Structures are given as structure tokens and as C-alpha cells.
Amino acid sequence: MACEENLPGQTRDWNEELQVTHELPQNRLTERLLRDRAIFKSNSDFVAAATRAAVSVVNGDIMAINPGETRKQQMFIWNNMFFSLGFDVKEHYKHFGGEHAAYVATSSDLSGVRAYSMLDQAGVHTLGTAIIDYRGYRVTAQTIIPGILEKEQEQLVVYGSIDFGKTVLTDSRYEELLSKTAKQLKIRPHKVVNHAGDVIQLYSSIDCKGIVGNDGRAYILDLLRTFPPDLNYFGSCPPEIRPQLPTSLTELGYPYQHRHLLATLRQELIEAFFECRHEAFLRLAALEIQKLKTEKAKTLESLPNGTDKVHDDSADAVTGDTLEISATVNHEASTTNLDPETVGSHPTSVAPGLTSKKLISGETHTKDLVAMRKFLDKEIGGELEDLTQEAIQRAADAVGSACSDRFELAFNPDVCQQFVKFCESETKALEADKALICDACDFLVTKQIPAFVKDCLSLCVTPQDGRALVEIMHQRGINVRYLNRLIDLVDQKPPLTYLKRLAVTEVLVRSAKHVFKTYIQEVDPMLLSVGVAHFLNCFLSSCQNLTPLSGIDEQVLKLNRNKKSKKKSKNLRESPEEMAWINETTSTLWSELIKEAKEYFHHTISASDIDAFCSQLDVSRVQILRSFCPAVGIQLLLRDYQLTPSNGAKHHMRPVFFTEDILSMFPVVKHLHPHATDAYHYFTTGQARISSGHLQEGFELINEALSLLNGVYGPLHPDIGACNRLLARLSYVMGEHQAALLFQHRATMISERVHGIDNPNTTTEYMHFALYCFACGHIGPALQLLYRARYIALMCHGEIHPEMTQIDTNIGLMLQMVGEFDLALMFLENALFLSRIFYGEKNLKEAFTCHLISRTHAYRGDFRSALDYEKKRFVIYKERLGAESDYTRDSDECLRHLTQQAVTRARRVAAELASLGNNGTTAKHTNIGVDSKGQLSTTTEPDVSSRSVLPLNTLSSYSAGVPVPTVTSILETLNRVNGILVIQLRGQEPDSSAEDRTASEAPLSKLGETLDVHCVDGPTSATTGDISAKAVPVA
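In this text, residue positions in the sequence shown follow the UniProt record's numbering: the first is 1, and each later residue adds one.
Structure, rendered in C-alpha cells:
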């Protein structure tokens, strides 16, 4: 039993174990903790066992249950798990894209399983599912429903269809259960007609199958169409069933011809679209109520005297509740130019106009929406007045609500399926379904992607590498196939050159991943390392003479040929050509990559080889290598690879990668991630308390969340690291620097082990760790951590990136503390160069960095350079903020102080030089100089009186009047650079170290204190979708 840890008599019933853990009681906190821990443990054990078995399936170590079929059609059962390969078995996906559709259907099914599992609806059971990509093959591992192997599929399915809509079944038990999940997943119940003419009500997609197992549980499977289709990629769909996209999409070239018809919208996009429409509904409802109330009042005023007792109370009913938002409503009416009389008859044309603008911003906007939401909830809960009812109906029609008396959006996942026959009563609703999905697709392209680009432009988010970019896109509901649209939007924006570089590199890496998948399937397992090394050489080098089989023992090749002749029909690959992969060259591979990028991502790569690609985008080969290897599961030997041709050569003279460099191939796994519900509740509550200024209370809540997470996940988990990072930040803000150092140390170690030592998240942890080390007096380790963070950042995204601005500023400030002013100037000047790139010329960030450079020059005694940079700062503030601004006045005061210091210092130096010159007249060969022992030298040197700035060693004896950096001043500046604002609490004793500042340094420090508003939005972690999304406290 080399493939499994347990003995045959000790195999676990994975399905029973996973279902029982979900059925555990959850009435009390202790019960919920035990349930969450059991779910997480069972799921982790299942994924680990499935991964081991999937590797054995690909390697041929497990016997198939249908050995007579071809390899692609074989299925496996091992350790109470069912395994299938990601191929189109029996042409099930013939009309949807064939092999490509079968491959992507597994990912879509996993997304559906994740969505239903997150609902945690009692009575609805999903299968334990994991997807394992290994050696170019996709293996789907699922738990086995009790009794499913005893009958045919036609006899087991009681809900849904097994033949794409011909035979449709339903069951009262599933109707009751799925009617609850449909509302939460925003699925519209719809009626279809089966082959017998029966009308069937469905609460899910028609592909969803319901099976009642022998254990009496109701299981659902085949959830690949849980979410609505992405009509922007339905160009190959028959025109008679494909709706017409809006003009805003057709002008951009949509719909695209895609290789399959299983492209769906992400759940995150559905939620964002729902929130946008809900906000528009609240605004429009308030507008309608206000207008109807005004019209009612005018009507009553025009009535004859004595008839006012006919006054309807409906106007008064809405007056009090809508009075507080009337000003906002009037503003919206004047801004949007909407006619409330026409919005009800044009639901598809009015809603985009509402959702495209943010009419109100800030706290007033939020309060108005909350007030309107409370009012509508109160009215809907009781009996609606006629006036309110009419207003809500108009607003609901305008935003495409599924119900006329309230806001409700629901999507039909079976739209654009050519084998589904809808009931005649669904004709009108079907047109509304198509219009709603078209609006969602339009919202994705014209609203969501530009909003993401805008956030990147304002540096609200700064993805550090391709993986972080994809994570952020997914959090906003943007599919990876829209990378071409992202590239087009950032192409003409110079500050986002780094984002274009990341996006184009991600397109190249994913195209190479697609090509590698089919390439590696043709490589025999005995020559796996040879094939991988040859692919990497063709991909990342420009060597013209590649002979992959050189150095391979002839006996190995002979054994390989004999094995092929014996098992030719059973081989995993079915290519008619043997060893075709050895004929791959750099030119042929890059031709395939360019073709793949054009067909799948609809982006044209103009480079013909790796040299041209790297020179065009200014990207290093190391960045591409570190992105590609984890994506396909390649483990390389740790050594220095000469990826760039040495000595200025045009091409590599010998291969870069050899057989010995390929250590192994590891599986890439996709699976569910169970959450600790109570821990997340504590965490979000703690974040809310922190945002409202209650730091101590927030600290206690986050600490409690950390305790609960430890009880569920164990010591190593990304969310535990996020909690430790937030606790460290809170401790630091509250003045407990040692506690902050301890928490951040834990967060850094967790990140190294969970994310990896070269992950961008680890870079962020290093930066925080360095700040807390400096605050505790450990300046040397703090600099080492920042140097390490800078090295990882260079590997991830290169020199031109917003994150480098923050890193270099931190390094420059800490170097001032150890007296390395020249080296500090190098980092600060680089930060100034980067700030001009990302913020533009003469921006406030540039002014702040100029102030830091000015201080550094002042510390080293170069007052002329200090004045030059301070003048630049003064000019920026005067142009941007005006002459009467406090910042401009502070800069002017600093200029006067620097001028006074420069004059005083020059007089002292001149007086000292004069005295030395008088002494030099009696000794003709004596001149000013300092030898290696620190004594005055007697060598002949040029006249130092003509120098504008003396060397530091010479000026050390004239240090009177030169400001000296202190830990307090440097730490205050570091806090502002890293987005930390420490507020002095009333009654707290001031820091004693602040008294050490000299009078000459006070203006410089004062200016540093006044610039916190310009430097508090440094780059943060890219993983903003998980628990660390709000892990920055507001003090």
C-alpha cells in the first residue's frame, strides 16, 4: 500500500464523515467551534488523501473500474473516493466546446459547490470535491453517494436533467430545499418543458442533479451552471438564442468567439451588481416618494375650501420619514435629469444611467441610504400606503426587480441554452432575464473594470505580482479572461506601466500553462525531467542548439521504446507521433504562445521570443520563471540560473536548464476552504470598533478572534497571520512596542510558512516587522528586514512599482539614524523619482520626499543642497495649496531656518579656515587634510577654501549648528510614511525622548509632523479579499 497511509481495513468513509460534521449541533458557541474544527479537519484530510490518490491515478498505480475503455474515458475508485479525468467522456460536451468545455466544467462545478457550501443550508448536501492538476492532467476527486454504484444514473436522479433538458424531473423535497437556496444565490425559479410536455418548476440550473442516497440525504451535484452565463464570450453561440448586447459592448468587439460556452460570471460580480442596483433602487424610491408627496400637496392646495377634509393621510405618512432625505433627493433629481414618469416604462435603459454615477459621497450619502432602507423595510413589513406603493413599483421597474412591490434581483442560469425548452408563460420573463444578464455583463466591462483601474491609479490597491493581480480581480468579480480589457485601459496611463507589465506577463504565463498542459502529456514518465527542462529552455532562453536527449543513457531510451510497443494502446497519450516533443524549438513554442494568447485572451503579443518580450516590457526572466513554475507544479533545484546571456551575447550558447535541475513535479490543488464563522464575527466586530476609535475594545475582540481561529485551524493559517498583524498594529498605535514586535514576529513566521518566503504578502510583513524593530531600538535587524523585503519586491515586480517608494523611504530614514547619509540619499532620491512617476510632477508626495532629502542634506552639513530641495517643496506647496496654507508657511519657516544655519555655519568655517591659514604661513608645506588615523596630514592638497562643501571628516570638527537625527524624529516620520497616526491621549505623559530635540532641529521636525496627510496611503497587502482586507486600524 505505497499509495495510501491507511491499511485497507482502516479506510475512511469520506462522504459520511463530511456530511456528519455538517450535521453537528451549533446552538452554543462551544458546539459551533467543535463543528467548525471538525469540518476543517475532515476537509483537510480529504484533500490530502485525494491529492495522493490523484497522483497515483496519473502515474498509473491504480486500476481503473473500466479498464476496457480508452485511457481518457477511464474512471477510478480508491479509498472511498471517485476519480475522473478532465476529458469529454462520451461527447457530453460536444455542443459546448468539447475537451475545452470538459476541462473548465470541473472548475465551474467546484465554484458551485463552494457557493452552496457557504450557504450551509440544512438538508442540502454537496459532495466533497477537489481538483488536482498534475503532469498536464486534471483529476476530479469526489466523495461517493451511498448507493450510487448500485443503480444506473437514470434510476437515481429525482431532480434536474441528465441529458441537457430532454428529460427533466422534479421532486417536492428538492423544491422545498432549493427554493431557499435560490433566493440566497439570486436564482430565479423558472418553468421548463420536458420531452413529454410536462411543465417542471426548477429552482436551479437544469444541469443540477438531485440524488437521494441510501442514507436518506438529499444530494445535489453537477453545479457548473450555478451562476449566469457570461454573454460577452458567447460569440460562438447560435444567434437565435443569443441576446443582443448593448452598444457599449459591441463597440468594444463583444461578444468574443470563445473556445467553449461554459463561461460564467463570478459570484463576486453578482453581489457587486446587486448592491449597485439596490443603491439605485433606494435613491429612485426616495425620489419618487418625494415627488409624489409634492404633487399630492399641490393637488390638495388647489381644492376648494371645505374639501380639505378629503385629505388623504398617505402624504402625511411619508412626510416624516422622507423629510430627512429630501435634500438629497432634490439633488439627485437635478443631477440625473430623470423623469419619474417615464422610468417605469423603460426598465433597461434607465437603470444604467442610475448605476453609472455616484451622485452623493461621504457620510451624508451613507446616512441617507440607511434611512431610506429602514423606511422601506418598515413599510414593506406592514401595509403599504397607496403613495408609497406607487413609488416603490416605479423604482422596482426601473432597476429590473423581479418583484413589483420590493427590490429583488434574480438571474436565470439556463438562458442561452439551445436544448432547454421554456414554458410559454416564461416568454416575457425570459426577455427580462436576458436583459438583466446583458446589464450585468455591461456592468462588468464598463463599470467594474474601469473602477479597478481607477483604484490602481489612485494607489488604493497595488498588486505586486501576477498572482496578487488575479486575486484582486477575482475579489471584484473580474474574470481572468478580461485581462485584455485591463491592458487596453492601462495602456495610455504612464503611472500604470507596472500594472500593464504584470497583466501582459500574466497573459504570457497562462498561455504557456495551456501549451505546457498538452506538451507534458506527450512526455513519457521516464523522461519527465528531460521534457520539462527542454520546455523551460525553449520558453525562457534563446539557445539555438537544443538537444534534449543528449546525455541520456541509451538503455533508458531502449527501455522506453520497448514499453511503448507493448502498451501502445493503453498509453496516456494518444498522439500518433512518438517523441514529437523533442522537436520543439524556441521559435515554434513562441508561435504557439502567441496563438494561444490571441485565441484565449484576445491579446496580441508582439514579441517573437523571450528577449524581445523582456526588452519591450522591461520585465526580468526571473519574474516569469517564478510565476510559471508554481502554476504548473515544477520544482527546481536552488541555484543561480544564467537566464540572461552573459558577456552581452545575443543568444545563449548552451542550455540554461538541465535534467538535474528538475527535482520533481507537484500537484496543484483547488478545493473548498471552510471558515470559522464565530471567529470572523468577532474579527469584523473588532474592525468596526477600531474604525470608530475604540482601540482597546477592538484589541480585545481581535484577540478573541485569534483564540477562536487557533482552536479551529491550528497554529498555521493565513487568517491567523492577519489577526497577529492587526494586533501588532494596534499594540504599536497604543504605545506597546514590545507587544507589537511579538505579534508581528508571529505574523511574519506564519506568512513565510503559509504564503512562502518570496511571496508579496511576506514582503509586507517584513516591512511592518522592520518598523516595530526600529521602534524597539533594533536598528540593525530593521535594516536587514527592509533589505530582504526590497530583494523580494525586485523579484516580484521589479524596480518601477509603488511599493518600492515606501520601501526606499523607510530604508533612507533608518540609514539616517546610523549616520549613513550618503547611502540614505540614494534611496530617498530613488523614492523621489518613483513618486514623480506614480503621482505626477509637483505632487504633494514629491514635496514630502523633497523635505526628507533636505533634512538628510542638513544632517550631513550640506546646507546648499538642503536649501535647493526645500525650495522645491516650497514651490510645490505654493502652487498647489496657496501662499496662505499652513504647509506653505511651515516650508517658508524651514527655508529661513536653513538659511540662518547655513550663514552661521559658513562664518564659523571661514573663521576656522582663516586661523588655520595663518598657521599655514609658517609651515610652507603644511595643508589641511586628515590622515587614516584621524590626525591632520601634511601632504600637499588643493586649496580647500575654494570648496563649497567640505568632506564630512573635515566638517566633523565644525559640527556646531548641524542638526542631528534622533530616534523620536525618525520614528515619527516612519509612522507617517507607513500610514500610522499616533494620537496623544489626554492625560498621557509625553515621551521623555522628545525633550532631547535641539532648538535647531525643531522646525524640521515640525514640518515632518504637519505632512502626515500626504504620506499615509502607502502600498498595502495585495490579499485584500480575505480576513486581512481591513487589517489597517484607524486611530
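Virtual Cβ for every residue (Gly too), placed ideally from N, Cα, C. A quick note: this is a predicted structure, and the numbers were derived from the prediction, not measured.
When the beta-carbon positions are compared, Glu-506 and Ser-627 come within less than 9 Å of each other.
Here the segment 418–437 makes contact with the segment 192–202; the two share three or more CB pairs at distances below 8 Å. As the crow flies, the alpha-carbon of Ser-692 is around 19 Å from that of Ala-705. Between the segment 732–752 and the segment 769–778, the count of C-beta pairs closer than 8 Å reaches three or more; the two stretches touch. Cβ atoms of Leu-177 and Val-124 come within 8 Å of each other, at about 5 Å. Residue pairing from DSSP places Lys-670 in a beta bridge opposite Ile-131. The Cβ neighbour count for Glu-279, taken over all protein chains shown within 10 Å, is at least 16; the residue is labelled buried. With at least 16 other beta carbons inside 10 angstroms of its own, Asp-414 counts as buried. Membership of Gln-616 in the alpha helix (DSSP H) is indicated by the continuous run 610–617. For Ser-627, there is no enclosing beta strand (DSSP E); the residue is part of the alpha helix (DSSP H) that begins and ends at 621–632. For Phe-699, the uninterrupted alpha helix (DSSP H) run begins and ends at 695–713, by DSSP. Inside the segment 821–856, DSSP marks whole alpha helix (DSSP H) runs of 4 or more residues at positions 821–839, from first to last along the chain.
In the DSSP assignment, Phe-76 falls within the unbroken beta strand (DSSP E) covering 75–78. A Cβ-Cβ contact shorter than 9 Å links Phe-87 with Gln-73.
Judged by their CB atoms, Asp-109 and Leu-269 are not nearer to each other than the 9 Å cut-off.
For Leu-29, no beta strand (DSSP E) segment is defined; the enclosing uninterrupted segment is the alpha helix (DSSP H) at 29–59. Spanning the alpha carbons of Leu-536 and Ala-105 requires a straight line of approximately 29 Å. Taking C-beta atoms as the reference points, Asn-80 and Asp-36 fail to come closer than 9 Å. DSSP, reduced to helix, strand and coil, places Leu-178 within a helical segment of the structure shown. The beta-bridge partner set that DSSP reports for Arg-138 consists of Asp-133.
In the three-state reduction of the DSSP assignment, Met-63 falls in the coil class, being assigned neither a helical nor a strand state. Taking a cut-off of 8 Å for Cβ pairs, the segment 248–262 and the segment 434–451 touch, as three or more such pairs fall below it. For the pair of segments examined, the segment 699–716 was found to touch the segment 675–688: the number of CB pairs separated by less than 8 Å reaches three. Where Phe-516 is concerned, the enclosing alpha helix (DSSP H) starts and stops at 497–521.
An exposed status is given to Asn-27, since fewer than 16 other beta-carbon atoms sit within 10 Å of its beta-carbon. Under the Cβ criterion (8 Å, minimum of three pairs), the segment 32–48 counts as touching the segment 654–673.
Beta-bridge pairing by DSSP links Met-81 to Trp-78, Thr-143. Between Val-480 and Val-470 a beta carbon distance of about 6 Å is seen, short of the 8 Å cut, so the two are scored as contacting. Taking a contact to require three or more Cβ pairs closer than 8 Å, the segment 206–214 and the segment 142–152 qualify as touching. Closest by C-alpha distance to Glu-17, out of Leu-127, Ser-865, Arg-52, Gln-121, is Leu-127.
One thing to note: Val-632 has its Cβ within 9 Å of the Cβ of Asp-133. If only uninterrupted beta strand (DSSP E) runs of at least 3 residues are considered, none is enclosed by the segment 406–483. Tyr-498 places its beta carbon 9 Å or farther from that of Pro-760. In this structure, Ile-610 is the residue among Glu-599, Ile-610, Tyr-600 with its C-alpha nearest to the C-alpha of Ser-587. Assignment of Thr-264 by DSSP, reduced to helix, strand and coil, places it in the strand class. If you look at Gln-201, you'll find it in the beta strand (DSSP E) that goes 199–202.
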